[in-house]
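**Q** Structure in structure tokens, see below.
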Amino acid sequence: MPEPRIIYVGKKPSFSYIKAVLVAMKDGDRLIRLQARGQAIGRAVDVAEICRRRHGIIASMLPESVRIVNIETDSVELQDDDGRTKTVSSICIDLLGEGDMTEEE
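Under numbering that gives the first Met the number 0, the sequence shown has 22 at position 23, and the numbering climbs by one with no breaks.
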């Protein structure tokens, strides 16, 4: 399996990441990895589901089939500004686009 193109999900609105998935797939990268930590995990899950269901104007231009092929969860330890260590959850969601892409109108 080829290396996935990684999209880091953070604080931007979900449609920004859906558009990033669309651009990556138009560029020929059909395997995409969404990575998020902490509070952005929910947004990464939303982006994956919107892409999978091809819901909305932007997502409707994705390939005919977008599947979630792998999900990994983990925890990482980070130090804050005060030097304290805190544990933050992380997620990686792999999406695979199959089929033809819809052209823009």
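The beta-carbon is built from N, C-alpha and C at its ideal position, and this holds for glycine as well.
In this text the structure is predicted, and so the values were computed from the model without any measurement.
According to the Cβ coordinates, are I67 and I92 closer than 9 Å?
**A** Taking 9 Å as the Cβ cut-off, I67 and I92 qualify as a contacting pair.
**Q** Can you check whether the CB of S13 is closer than 9 Å to the CB of I70?
**A** In this structure, S13 does not lie closer than 9 Å to I70 by Cβ.
**Q** Using 8 Å for Cβ pairs, my map puts S64 next to G98. What's the rounded Cβ distance?
**A** About 5 Å separates the two Cβ atoms, so the contact holds.
**Q** To which residues of the same chain is Y16 closer than 8 Å at the C-beta, ignoring the five residues directly before and after it?
**A** So the qualifying residues of the chain are I6, V8, L33, R42, A43 and V46.
**Q** Among G82, G37 and P62, which residue has its Cα nearest to the Cα of I31?
**A** It is P62 whose Cα lies nearest to the Cα of I31.
**Q** Is K11 helix, strand or coil when you go by DSSP?
**A** Note: K11 maps to coil in three-state DSSP.
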